[in-house]
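Colleague: Here it is, the structure in full.
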Amino acid sequence: MSDKQIDLAVMDMAGTTVADGGLVLRAFEEAATAAGIPETGPEREGARQYVIDTMGQSKIVVFRALLGDEDRAQAANRAFEAAYDEFAATAVAPIPGAAEAITALRTAGIKVALTTGFSRGTQDALLNALGWNEIADLTLAPSDAGRGRPYPDLVLTALLRLGIDAVDRVAVLGDTASDIATGLAAGARIVAGTLTGAHDEAQLRAAGATHVVPSVTEFAQLLLAERG
């Protein structure tokens, strides 16, 4: 056995293992309207760009930064979750090959944690819509870990709960710069970006990704190849 064998894969959901068809931005539009952001004009455009730039981060944190008022942020977050949950019930699907990749990793003895920047309730709605309640060893939302991305808490909580011996036995996969920042902050040995979501290769590499892969399928192949 290699001293550097990967024992845990921590993977994002929307954009990484789940194709949500742009539902985050659709739900944001509902939330922005609920928070009183004008439907057209520079304020709305700037808010929309901020959501794109911070994709992957905890949504309540994003709304707090955008709105600067706790009551408005909470109202926006509630509207976002309600809209996303409604859309997700019919519009989400796995990234092609995602379920097979997760199963292959677990069969090989690599534990899998699925993480999100959504609330626990929205994550559960996604898992239910996909029939994924038993697909991973662990699922985590920011409320389960302390802080969401770009902090290391989600990755480190997965390591602790699943009994992994060291951070250099962890690999992280995500589609945003925030995912990469989380993996690097946690000290994971592999911090890979995938091209199926919000950010492109240049953005992922600029964030410090150790690898950029076309999809979760190639990420799984990378980890399995290390095991020989």
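Residue numbers (my numbering): 1279 to 1506. Glycine included, C-beta positions come from ideal geometry on N, C-alpha and C. Since the model is a prediction, treat every value here as computed from it, not as a measurement.
Any idea if Thr1381 is buried or exposed, counting beta-carbon neighbours within 10 angstroms, 16 or more meaning buried?
Modeller: Label assigned to Thr1381: exposed.
Colleague: Less than 9 Å separating the beta-carbons of Lys1282 and Asp1446?
Modeller: Contact flag set, yes.
Colleague: Using the beta-carbon count (16 or more within 10 Å), is Ala1498 buried or exposed?
Modeller: By the 10 Å Cβ count, Ala1498 comes out buried.
Colleague: Just to confirm the assignment: which complete alpha helix (DSSP H) runs, minimum length 4, are found wholly within the stretch 1386 to 1431?
Modeller: Whole alpha helix (DSSP H) segments, 4+ residues: 1398 to 1408, 1420 to 1423.
Colleague: What is the rounded straight-line gap between the Cα of Leu1408 and the Cα of Met1333?
Modeller: Cα-Cα distance, rounded: 21 Å.
Colleague: Measuring straight from C-alpha to C-alpha, what distance separates Ile1330 and Ala1476?
Modeller: Near 7 Å, if we compare the C-alpha coordinates of Ala1476 and Ile1330.
Colleague: For Gly1375, I'd like the list of residues in its chain whose CB is within less than 6 Å of its CB, leaving aside the five on either flank, ordered along the chain.
Modeller: Around Gly1375: Thr1495.
Colleague: Measuring only the C-alpha atoms, how far is Asp1312 from Leu1344?
Modeller: According to the sequence displayed, residue 1312 carries Ala and not Asp. One C-alpha to the other measures close to 13 Å.
Colleague: Spatial neighbours of Ala1297 within its chain, please: C-beta separation below 6 Å, excluding the five flanking residues on both sides.
Modeller: Only Ala1371, Ile1373 meet the Cβ criterion.
Colleague: According to DSSP, is Gly1441 part of a helix, a strand, or is it coil?
Modeller: Three-state result, Gly1441: coil.
Colleague: Sort Pro1320, Tyr1362, Thr1394 by Cα distance to Pro1430 and report the nearest one.
Modeller: Ranking the options by Cα distance to Pro1430, first place goes to Thr1394.
Colleague: Going by beta carbon distance, what residues of the same chain come within less than 8 Å of Pro1316, once the five residues before and after it are set aside?
Modeller: Arg1322, listed in sequence order.
Colleague: Considering Cα atoms alone, identify which of Asp1347, Ile1388, Gly1346, Ala1354 is closest to Val1268.
Modeller: This structure does not reach residue 1268, given that the chain is present from 1279 up to 1506, and the question cannot be answered.
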